[in-house]
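Under the numbering used here, the residues of the sequence shown are numbered 64 to 377, in order. From the three backbone atoms N, C-alpha and C, an ideal C-beta is built for every residue, glycine too. Being a predicted model, the structure only gives us computed values, none of them experimental. Okay, so here's the structure we're looking at.
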Amino acid sequence: MFNSDICKLLNIKYPIMQGGMAWIGTSELAAAVSNAGGLGIIGAGHMPPDALRNEIRKAKSFTNKPFGVNIMLMSPFVKEVMAVVIDEKVPVVTTGAGNPGEYIPALKEIGSKVIPVVASVALAKRLARTGVDAVIAEGMESGGHIGEITTMALVPQIVDAVDIPVIAAGGIADSRGMVAAFALGAQGVQIGSRFVASEECIAHENYKKAVLKAKDRSTVITGVSTGHPVRVIANKLTREYLELEKNGASVEELEKIGAGKLHLATHKGDVDNGSVMIGQISGMLAELKSVDAIVQDLVNGIPNVMNDIKNICK
Ligand code: TUI
64 MFNSDICKLL NIKYPIMQGG MAWIGTSELA AAVSNAGGLG IIGAGHMPPD
114 ALRNEIRKAK SFTNKPFGVN IMLMSPFVKE VMAVVIDEKV PVVTTGAGNP
164 GEYIPALKEI GSKVIPVVAS VALAKRLART GVDAVIAEGM ESGGHIGEIT
214 TMALVPQIVD AVDIPVIAAG GIADSRGMVA AFALGAQGVQ IGSRFVASEE
264 CIAHENYKKA VLKAKDRSTV ITGVSTGHPV RVIANKLTRE YLELEKNGAS
314 VEELEKIGAG KLHLATHKGD VDNGSVMIGQ ISGMLAELKS VDAIVQDLVN
364 GIPNVMNDIK NICK
């Protein structure tokens, strides 16, 4: 059904990757997405190397399909976790929140497909020259750490700038978004928020409820003054944080307030004082579904969307 460079490159049925989410992109979620025909991704976040090795081995036991690991380049363990994915011969490595340039040769040497997340044309062009296999163009609609450009504006500009496959991310949660991504020239999509609201995601039920309750304007961006903007659901924490930012708090002060807050929300369920990272498309999510149902809905809805387009463009 799909004639996508991404399916061939990654040896998957559907050109759907799961976003590599810290704390909640576990082996359970990643294996469920891979078993459903997409590419599941373990989000290494700030995970220490031994914990990541454990997650990789669990994923290998849950699925015999390819899966990936996302390495967050701001992690204090980045060098050690890179060594683990190389040692475990993880078939696909995505990176986020920085420039993975120095790690690319070692990953390519063991045959891993390397797919960095980029938020600008400049970085996409620079990395394309270093031999990465594809790029994920992630718009600022996404949850968590983001860039400044929207998916709609970023994807076609990166498609025009590089000659490797582009995967669109940010604001995609149904077949309409998927078709829109293909219209912009993407060969695949990366989806995060929709998979948070899944049965297999291990996020605390309060986190999932907050995601399902979210409306279009429920998220805010914190951390612009620190150089690390992060999209989260507005709550007590963000009100305090944004007030401090407005009053010129130092980066150290702000980092101290943010420390441990994602885990507080994802695992302890404190969605008032914790950091509830999610994309703007969460306003559209109304129900929890199994990962398999999410993937099937995404794929099966495509002909209807195509038909709607044909009816408009006569
Ligand atoms: O990485 C993400 N999203 C994330 S990482 C994360 S973990 C975290 N925890 C606490 C505080 C902050 C983060 C949560 N969400 N997405 C991929 C992504 N990468 N989005 C944007 C970028 C990006 C931004 C700038 C990639 C490269 C870049 O520039 C680097 C350069 O040198 O130009």
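Quiz item: Does G194 get closer than 9 angstroms to chain B when you measure Cβ to Cβ?
Solution: Chain labels in this structure do not include chain B; a single protein chain is all it has.
Exercise. Below 8 angstroms on the Cβ atoms is my guess for P102 versus M80; work out the distance and round it to an integer in Å.
Key: As written in the sequence, residue 102 is Leu, which differs from the Pro given in the question. About 4 angstroms separates the beta carbon of L102 from that of M80, a gap short enough to meet the 8 angstroms contact definition.
Exercise. Kindly examine the ligand TUI and report whether one of its heavy atoms sits closer than 8 angstroms to the Cβ of G332.
Key: No, the Cβ of G332 stays beyond 8 angstroms of every heavy atom of the ligand TUI.
Quiz item: the ligand TUI heavy atoms versus the CB of G161: any closer than 8 angstroms?
Solution: Proximity of the beta carbon of G161 to the ligand TUI is indicated: a heavy atom of the ligand is located closer than 8 angstroms.
Practice problem: Please say whether K188 and A224 have beta carbons closer to each other than 9 angstroms? | Solution: It is a contact, given that the beta carbons lie within the stated cut-off.
Quiz item: Within the present structure, is the beta-carbon of G42 separated from the nearest heavy atom of the ligand TUI by less than 8 angstroms?
Solution: Nothing can be reported for residue 42, as the shown portion of the chain is limited to 64 through 377.
Quiz item: Exposed or buried, which one is N280 when buried takes at least 16 other CB atoms within 10 Å?
Solution: In the sequence under discussion, the amino acid at residue 280 is Arg, which differs from the Asn named in the question. With fewer than 16 neighbouring CB atoms inside 10 Å of its own CB, R280 falls in the exposed class.
Quiz item: Roughly how far, in whole angstroms, is the beta-carbon of I265 from the beta-carbon of T89, given that I think they are within contact range, below 8 angstroms?
Solution: Right, their Cβ atoms sit about 5 angstroms apart.
Quiz prompt | Residue of H109, V156, K121, S97 minimising C-alpha distance to P129 | solution = It is S97 whose Cα lies nearest to the Cα of P129.
Exercise. Could you give the DSSP three-state label for K299: helix, strand or coil?
Key: If DSSP states are grouped into helix, strand and coil, K299 belongs with the helices.
Quiz prompt | Selected residue, minimal CA-CA separation from V354, among C70, S67, I69, A95 | solution = Per the Cα distances, A95.
Quiz item: Leaving out five residues before and five after T289 in sequence, what residues of the same chain have Cβ atoms less than 6 angstroms from its Cβ?
Solution: Exclusion of the five residues before and after T289 leaves V314, L317 as the residues of its chain whose Cβ lies within less than 6 angstroms of its Cβ.
Exercise. Check whether the Cβ of G210 sits closer than 8 angstroms to any heavy atom of the ligand TUI, and report yes or no.
Key: Yes, Cβ of G210 sits closer than 8 angstroms to a heavy atom of the ligand TUI.
Quiz item: What residue does the alpha helix (DSSP H) around A349 start on, and which one ends it?
Solution: DSSP places A349 in no alpha helix (DSSP H); its state is neither H nor E.
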